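Residues in the sequence shown are numbered from 17 upward in steps of one, following my numbering. Here's the structure, in structure tokens; my notes come after.
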Amino acid sequence: MNRETILAALAARLSAKRAPWPEIPKLTTGQVLTVVAEGPERVIAREYGIATVEMETEIRRAARTANDAARATAANLLLDQLVTETYSADPTLGGTCLGMRYAEGDTIFPSDGTDLVAAVALFVIEYERAE
């Protein structure tokens, strides 16, 4: 198990781009842009030369929606879809990690008149590596 293999598997599952932040295409209604950004990791256990590691991974998804009062609902649906797609399938990403858990999420729907909404979800992925 290694960090890069895990992140590649997660990006493939979500049809996501990887950070550093890619060029953002002009989204049309119904299209989404999903980005996976790895965060810090920490060793939570050591035993017999094997470290068990937790890695924070943030997933962001943006979409274009109607510029009306339903933007909050659209952002909440985006977060729900993101968590469901990431978490409800095989949580070991095909055996590349020990598992993952949903840690927190948020929605973004600016009040400045934009028709873009977004959702951000933080997952903690656990894996082992030799020391």
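All C-beta atoms in this analysis are idealised placements derived from N, C-alpha and C, irrespective of residue type, glycine included. Note that the structure is a prediction, hence the values are computed from the model and not measured.
Nearest to V51 by C-alpha distance, out of I60, Y64, I66, R29, is R29. Sequence-distant Cβ neighbours of A53 in its own chain, meaning closer than 6 Å and more than five residues away, are A35, E74. With a 10 Å radius around the Cβ and a threshold of 16 neighbouring Cβ atoms, T130 comes out exposed. Between the alpha carbons of A91 and E120 lies a distance of about 15 Å.
For Y143, same chain residues with a beta-carbon under 8 Å away, outside a window of 5 residues either side, are M17, N18, R19, I22, T68, V69, M71, T112, C113, L114 in chain order. D122 is the residue among D122, K33, G46, P107 whose C-alpha sits nearest the C-alpha of D96. Listed as beta-bridge partners of K33 by DSSP are V51.
The alpha helix (DSSP H) runs of length 4 or more contained entirely in the stretch 53–123 are, from start to end of the chain, 87–103. Rounded to the nearest whole angstrom, the CA to CA distance from I124 to G55 is 20 Å. For the pair L26 and G65, the Cα-to-Cα distance works out to about 26 Å. Between V48 and A78, the CB-CB gap stays under 8 Å. For E101, the CB contacts under 8 Å within the same chain, skipping 5 residues up- and downstream, are R29, L30 in chain order. Closest option to F139, judged by alpha-carbon separation, among R62, A88, P107, K42: P107.
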